[in-house]
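Student:
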Amino acid sequence: GKELTVDFDYVRYNNDANSLLATDFYNSMGMKTGDLLLRGDIPSDIHIYSLKADLTIPYKGGRMEAGVKSSFVSNDNVVDYQRQLSDKSWMIDNRSNHFVYDENINAAYLNANKQLGKWSLQGGLRLENTIAKGLQVTNDSTFTRNFTNLFPSAFISYAANKNNSVTLSYSRRITRPSYRDLNPFTFFLDSLTYQVGNPYLLPQFTNNLELNYAFKSRYIVGFNYNHTNDVISQIMRQDNAKQTTFLTSENVAKFRNIGVSITIPATIAKWWNTNFFTNIYNNRYEGIYNNEPLDIAYTSFSANLSNTFTIKPGFTTEISGFYRHTAVDQLTVVEPLYQMSLAASKQIMNGKGSLRLNIRDPFAWQRFKGKNHYGDIDMRFRNFPDVRQVTATFTLRFGKSTPQNQPRRRNSSSQEEQSRVGQG
């Protein structure tokens, strides 16, 4: 029957960070010429209020869904930098700042789907209005944005028979910058290298088109095309006069991706199941950097392989891994990346309980290497993070499990807003 759900969320993030930067300066002869001791108190306080209501109305051969959502975000950030003087006293540094960002998003949507014989149809439209205001208290500068957008979506599927089906889908979506990326504060890596936010950063908009063919609902060949305007990209910039380098986010380019993917599951033996996925694609970024054309393109591929081995009933082991060839990602050319993971699962207590052990990247293969080469930037990097991880999980099920008594998972009404807190 009909269903109406209402969700309200209030979330608060409070972070009292601090930093201490100590730098010694030397001349070409190796003699110390000076030093810098800079300390910073960087408190951040984010309040998120979100309310949404969703209505579902079933009808013969389909259903209609409609809903509204309103969210309010208040983000208050302070950075208080002080430098130590020769007499060991502290003086307020001119890089201190105070930034307040308020955002209100109101949205309404309508979706409908219908089954017509071998055809499945679905269409939807979302209307969204955003009002955002930023205030830099330190210099009393403000900006206000007010924009409205439409986000259509469509899906059509044709099942020729029980073994063959084709689907075509289209959607337009928005990706908003993180609250950190909007924060104009300076975060120092060292005295000559820092990261700074961009309060004038715009959201990026993506049009996505996908065509898939499925055989027996298992073997899938897909074609995808998407185009993004105002791509939010992390870029390096140099201040030659001050001999400093900084990382910031800007809407530098437009992005185009086109690719073909293949999914192949297989049963090699009664005790061995495998699933293989590969994607061959071309990424291209085009834009303007320092008033010069920017054009970076790369054709690449990735592959995922997972294997499940049934040692005996109730006891399985898994080996999985992925490989991604050299590719371009946000103006950065990233060298090949690969990783392997291991797992084992055991049913216990007559199937009411289970034990699972996961080992991620046991041989420490995952390494990030790449380069940035555009405008006056020529940078290479090597990042060797230790992502090795071992987790053990015990699960115990109580009572009789039926579809009727399974809890229904519902997304938080502030899920999108919360995802923007930790980015950047």
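In terms of the numbering used here, the sequence shown opens at residue 872 and continues consecutively. Just so it is clear, CB atoms sit at the ideal spot from N, CA and C, and this is done for glycine as well. Please read all numbers here as calculations on a predicted model, not as lab measurements.
Check whether the segment 1076-1088 touches the segment 1041-1060, taking contact to mean three or more Cβ pairs, one atom from each stretch, closer than 8 Å.
Tutor: Because the criterion of three Cβ pairs below 8 Å is met, the segment 1076-1088 and the segment 1041-1060 touch.
Student: Mind checking which residues open and close the beta strand (DSSP E) that includes residue 1066?
Tutor: Counting along the chain, the beta strand (DSSP E) containing residue 1066 begins and ends at 1064-1067.
Student: Would you kindly report the start and end of the unbroken alpha helix (DSSP H) that includes residue 1053?
Tutor: Start and end: 1050-1053.
Student: Counting Cβ pairs closer than 8 Å, one from the segment 875-883 and one from the segment 892-909, do we hit at least three?
Tutor: Segments in contact, no.
Student: What are the boundary residues of the beta strand (DSSP E) that includes residue 1105?
Tutor: Counting along the chain, the beta strand (DSSP E) containing residue 1105 begins and ends at 1090-1110.
Student: Please state if the CB of residue 1231 and the CB of residue 1212 are separated by a distance shorter than 8 Å.
Tutor: Cβ distance < 8 Å, so residue 1212 and residue 1231 count as in contact.
Student: For a quick check, are the C-beta atoms of residue 933 and residue 982 less than 8 Å apart?
Tutor: In this structure, residue 982 does not lie closer than 8 Å to residue 933 by Cβ.
Student: Can you give the beta carbon distance from residue 1117 to residue 1201, rounded, assuming they're within the 8 Å contact cut?
Tutor: In fact, because the Cβ distance is near 16 Å, the residues do not count as touching under 8 Å.
Student: Are residue 922 and residue 941 close, meaning C-beta to C-beta below 8 Å?
Tutor: A contact, by the Cβ cut-off of 8 Å.
Student: Counting only beta-carbon separations shorter than 8 Å, does residue 970 have a partner in chain D?
Tutor: Here chain D cannot be found, since the structure has a single protein chain.
Student: Starting from the C-beta of residue 1194, find all residues in its chain whose C-beta is less than 6 Å away, skip the five residues before and the five after it, and write them out in chain order.
Tutor: 1174, 1209, listed in sequence order.
Student: By how many angstroms is the C-alpha of residue 1183 removed from the C-alpha of residue 1171?
Tutor: Looking at the two C-alpha atoms, the distance is approximately 39 Å.
Student: For residue 1295, I'd like the list of residues in its chain whose CB is within less than 7 Å of its CB, leaving aside the five on either flank, ordered along the chain.
Tutor: Confidence is the limiting factor: at residue 1295 the pLDDT is only 44, short of 50, which leaves the residue's position unreliable, though a coordinate-based value still follows. Correct list, in chain order: 1049, 1051, 1052.
Student: Can you tell me where the beta strand (DSSP E) holding residue 1288 begins and where it ends?
Tutor: Element bounds for residue 1288: not the beta strand (DSSP E) but the alpha helix (DSSP H), 1286-1290.
Student: State the Cα-Cα distance for the pair residue 976 and residue 1015, rounded to the nearest angstrom.
Tutor: Going by the C-alpha atoms only, they are around 14 Å apart.
Student: So if DSSP puts residue 866 in a beta bridge, which residue, or which two residues, is it bridged to?
Tutor: Outside the modelled stretch of the chain, which goes from 872 to 1295, sits residue 866, for which no answer is possible.
Student: From the DSSP output, which residues share a beta bridge with residue 985?
Tutor: Paired residues: 933, 992.
Student: Using the DSSP secondary-structure output, state which residues sit across from residue 1143 in a beta bridge.
Tutor: For residue 1143, which the question treats as bridged, DSSP gives the partners 1140, 1180.
Student: Starting from residue 889, follow the beta strand (DSSP E) in both directions and report where the run begins and ends.
Tutor: Note, residue 889: beta strand (DSSP E), 874-897.
Student: Select from 1027, 1012, 967 the residue whose C-alpha is nearest the C-alpha of residue 991.
Tutor: That would be 1027, whose Cα lies nearest to the Cα of residue 991.
Student: Near residue 1264, what residues of its chain come up, given a Cβ to Cβ distance below 6 Å and the 5 sequence neighbours on each side ignored?
Tutor: Taken in chain order, the residues that qualify are 1227.
Student: Should residue 1175 be counted as a contact of the ligand NAP given a C-beta to heavy atom distance under 7 Å?
Tutor: In the structure shown, the ligand NAP is absent, as is every other ligand, since no ligand is present at all.
Student: Would the segment 1119-1135 and the segment 1152-1167 be scored as touching if the rule is three or more Cβ pairs under 8 Å?
Tutor: Verdict: yes, contact present.
Student: For residue 1028, report the span of its beta strand (DSSP E) as first-last.
Tutor: Note, residue 1028: beta strand (DSSP E), 1012-1030.
Student: Sort 890, 1001, 897, 1204 by Cα distance to residue 1060 and report the nearest one.
Tutor: For residue 1060, the nearest C-alpha among the options comes from 890.
Student: Output the boundary residues of the beta strand (DSSP E) element that contains residue 961.
Tutor: Residue 961 -> beta strand (DSSP E) spans 961-963.
Student: Determine contact between the segment 1033-1041 and the segment 1081-1088, defined as no fewer than three beta-carbon pairs at a distance below 8 Å.
Tutor: Verdict: yes, contact present.
Student: With a 10 Å radius around its C-beta and 16 neighbouring C-beta atoms as the bar for buried, classify residue 901 as buried or exposed.
Tutor: Per the 10 Å Cβ criterion, exposed.
Student: Give me the Cβ distance between residue 1204 and residue 1246, rounded to the nearest whole Å; I'm assuming they're in contact under 8 Å.
Tutor: Not a contact, Cβ separation roughly 15 Å.
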